[in-house]
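Report on the structure given below.
Numbering (the working numbering), first residue to last: 101 to 205.
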């Protein structure tokens with residue numbers, strides 16, 4: 101199984117924050133156009149949102165983590181392909197419930 105871009109679509113308020121950020125950027129652009137002091141400044145600035153910084157930190161941590169589980173993943177892939185993989189359903193259900201309880205505020 102390959103999961104790409106698992107981040108993003110899980111936050112129901114993401115669209116609202118995006119609209120608020122766009123409005124704030126438009127307001128700043130209008131303020132810069134009307135402010136003679138800001139017109140003298142040249143160059144671009146980059147500002148990352150807290151979510152982007154967190155994502156960057158998580159990605160760098162994942163990339164720098166040792167690849168110790170590759171043997172386990174390989175063995176599980178072989179079991180699935182051979183039809184011999186027998187997951188512990190009770191353990192999987194307990195983990196799903198645990199994760200659901202941890203996600204609710």
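Ideal Cβ positions, reconstructed from N, Cα and C, are used throughout, including at glycine.
Assigned with DSSP and collapsed to three states, residue 145 falls in coil, not helix or strand. According to the DSSP assignment, residue 150 belongs to the alpha helix (DSSP H) that extends over 150-164.
For residue 200, the enclosing alpha helix (DSSP H) starts and ends at 189-203.
In this structure, the straight-line span from the alpha carbon of residue 119 to that of residue 143 is close to 25 Å. If you draw a straight line from the Cα of residue 145 to the Cα of residue 134, it comes to about 19 Å.
Residue 122 and residue 128 have their C-alpha atoms roughly 10 Å apart. Taken through DSSP and simplified to helix, strand or coil, residue 167 comes out as coil.
Leaving aside the five residues that flank residue 174 on each side, none in its chain has a CB nearer than 8 Å to its CB.
Residue state for residue 184 is assigned as coil, using DSSP reduced to three classes.
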